[in-house]
Amino acid sequence: MSVDCIFCKIVNGVIPSKKIYEDDDVIAFNDIKPSAKVHFLIVPKLHVESLASCETQHQALLGKMLLLAPKIAKEQGLAGFKTLINTGRDGGQEVFHLHLHVLGGGEKPPKT
Ligand code: 5GP
Ligand code: ZN
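Structure follows, in structure tokens:
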């Protein structure tokens with residue numbers, strides 16, 4: 075846990091979220107500013123800053139996050155979806171706790 079991290083606070087229930095999935099390693103919740111009809115984030119409970127901070131020890135966690143995307147997307151009623159990981163300030167990352175965006179549900183697929 076990183077004390078100033080907003081997603082660590084969500085993981086620990088200090089900040090509320092619309093949680094749609096949780097297990098021992100990962101939670102998923104709806105994005106507060108959705109860019110699509112359905113827009114949720116898959117977030118590891120472990121504080122890892124970004125994809126660029128991941129190492130071999132995070133391989134299983136990354137695989138788990140990716141494999142959860144279609145499962146949760148289906149539960150949310152999505153027939154198809156986009157996935158996105160912003161990495162670093164230059165990559166558009168605003169929250170420095172690794173997360174996978176999953177977006178869908180519109181007539182036109184979102185660009186990002
Ligand atoms: P990034 O740009 O880091 O890839 O995306 C961060 C995402 O987190 C943004 O889409 C933003 O709307 C979302 N977000 C930021 N703060 C909160 C929050 O407190 N709760 C929820 N549910 N989403 C948040
Ligand atoms: Zn964190």
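Just so we're aligned, residue 75 is where the sequence shown starts under our numbering, counting upward by one. Ideal placement from N, C-alpha and C gives every residue a C-beta, glycine not left out.
(message) Run the Cβ filter for me: residues under 6 Å from any heavy atom of ligand 2, listed in the order they occur in the chain.
(response) S76, C79, F81, C82, H121, H171
(message) Taking the beta carbon of G166 as the centre, do at least 16 other beta carbons fall within 10 Å, making it buried, or is it exposed?
(response) exposed
(request) State buried or exposed for M139, treating a residue as buried only when at least 16 other CB atoms are found within 10 Å of its CB. (result) buried
(message) Looking at the secondary structure, which residues open and close the alpha helix (DSSP H) in which F81 lies?
(response) 80–85
(request) Consult DSSP for G137 and reduce its assignment to one of helix, strand or coil. (result) helix
(message) Would you say the beta carbon of S127 is closer than 7 Å to some non-hydrogen atom of ligand 1?
(response) no
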